[in-house]
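For the sequence shown, our numbering gives the first residue as 4, with consecutive numbering after it. Cβ atoms here follow ideal geometry from the backbone N, Cα and C, with glycine treated the same way. Structure record follows, encoded as structure tokens.
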Amino acid sequence: MASTTNGQWYPPEWPDRIRALANGELTPAEPRRAATVLLLRDSAAGPAVHMLRRRTSMAFAGGAYAYPGGSVDPRDERPVTWAGPSRAQWAVRMGVDPATAQTIVCAAVRETFEEAGVLLAGASADTVVADTTGEDWEADRAALVAHELSFADFLARRGLVLRSDLLGAWARWITPEFEPRRYDTWFFVAALPEGQRTRNASTEADRTVWIRPQEAADGYDRGELLMMPPTIATLRGLQPYASVADALAAAEAQDLTPVLARARLVGGEIELSWPGHDEFTKHIAQTDTGTGAPGDAGGPSDRPGPSGGTPA
């Protein structure tokens, strides 16, 4: 089913998978925890967000715009020097236990460094690394991506403190039950640290942009920018804020109730909806096999950055 009115990502295999789930022929996969970060910086026209575009050659969500992010690494549970709200405080905010809260926050900081070259850490609880360029930093980043180096060891070796206070929890989306690869993805907001620069360090992206949420949403509405529901939803959520400071301050009040798509058979069609987000509701004829979406969200592969999809 091609999208003709906007850039909502919609894969052609969904109708068949939804039918299989409704008929009891599909057992939902257990979602993996993941984290993605909306990096923000101020501009003359208001906050801009850092986005990457998944390579169009990729089988999953090719061409979709998303944020840096990926799955929790089991080693993210290792002890790290920590600044900002405690693990227990994060646990209360996120509705999980302290150990789980640490893994998710660590994944958010680690993935942002791996995919954007930006590190939310410093030599002390009130400082932030000012420059992450250079061959030594790139060697460490590559080792993290290859799972040759744990994030805890990386921080310890460099004498760095993870700055959890630089993150704000913004949203939580879970990949639909009919998807074969599922993620329970936490979306965070963070300001780009002074002195640091983003770069396209992801092997899954063919371009990166700094773009105002309103501009990105307008591109989606025109069908020019392809996104999964979590991506466009979080962009719309950022639109009211006039500065990065305003957005970060608003994070504490954001609803972290997980958003999980629902699919049901209604009469002769499939109804696909995301609770609380009516704009994404689709009605699909049961005979429709789908034709995909335009290609220019959340999901992912092991690196759910795109949207979340939860990451899709």
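Beta-carbon proximity check, residue i vs residue j, cutoff 8 Å
| i | j | result |
| --- | --- | --- |
| arginine 184 | alanine 288 | no |
| leucine 42 | alanine 266 | no |
| valine 247 | arginine 175 | no |
| glutamate 207 | arginine 57 | yes |
| alanine 48 | arginine 202 | no |
| leucine 170 | alanine 124 | no |
| alanine 204 | glutamate 117 | yes |
| leucine 163 | alanine 126 | yes |
| leucine 55 | threonine 211 | yes |
| phenylalanine 154 | aspartate 143 | no |
Own chain partners of residue i with C-beta closer than 6 Å, once the 5 adjacent residues on each side are dropped
| i | result |
| --- | --- |
| alanine 146 | Leu152 |
| arginine 35 | Ser74, Tyr186 |
| glutamate 274 | Arg267, His286 |
| threonine 115 | Val40, Pro71, Val121 |
| threonine 106 | Val75, Asp79, Glu80 |
| threonine 223 | One point to set straight first is that residue 223 is tyrosine, not threonine, in the sequence displayed. Closer than 6 Å at Cβ, skipping near neighbours: Asn9, Gly10, Met230, Ile235. |
| serine 276 | Arg265, Thr284 |
Beta-carbon proximity list for residue i, same chain, < 7 Å, skipping 5 on both sides
| i | result |
| --- | --- |
| serine 167 | Trp85, Ala86, Gly87, Pro88, Trp93, Val108 |
| glutamate 272 | His286, Ile287, Ala288, Gln289 |
Assigned exposure category for residue i - 16 Cβ within 10 Å defines buried
| i | result |
| --- | --- |
| proline 71 | buried |
| valine 148 | buried |
| glutamate 197 | exposed |
| threonine 284 | exposed |
| aspartate 79 | buried |
| aspartate 249 | exposed |
| valine 131 | buried |
| valine 83 | buried |
| glycine 279 | exposed |
| threonine 294 | Its pLDDT being 38, under 50, threonine 294 is placed unreliably in this model, and the value from its coordinates should be taken loosely. Exposed. |
8 Å contact criterion, which residue i and residue j should meet: CB distance rounded
| i | j | result |
| --- | --- | --- |
| glycine 173 | valine 192 | For the record, residue 173 in the displayed sequence is tryptophan; it is not glycine. Their Cβ separation, rounded to whole angstroms, is 5 Å, which keeps tryptophan 173 and valine 192 in contact under 8 Å. |
| threonine 237 | phenylalanine 190 | 6 Å |
| alanine 194 | arginine 44 | 7 Å |
| glycine 68 | leucine 251 | Residue 68 is actually tyrosine in this sequence, not glycine. Going by Cβ atoms, the distance from tyrosine 68 to leucine 251 rounds to 22 Å, so no, they are not a contact pair. |
| alanine 133 | histidine 53 | 18 Å between Cβ atoms; not a contact. |
| threonine 135 | glutamine 217 | With a Cβ gap of about 29 Å, threonine 135 and glutamine 217 do not count as contacting. |
| proline 101 | arginine 90 | 4 Å |
Coil, strand or helix - residue i by DSSP
| i | result |
| --- | --- |
| tyrosine 223 | helix |
| alanine 250 | helix |
| threonine 294 | Because the pLDDT at threonine 294 is just 38, under 50, the model does not fix this residue reliably, and the point stays unresolved. |
| phenylalanine 116 | helix |
| aspartate 187 | strand |
| methionine 97 | helix |
| glycine 240 | helix |
| alanine 157 | It is worth fixing the name first, because residue 157 is phenylalanine in this sequence and not alanine. Phenylalanine 157 falls in the helix class under three-state DSSP. |
| glutamate 274 | strand |
| valine 121 | coil |
| arginine 22 | helix |
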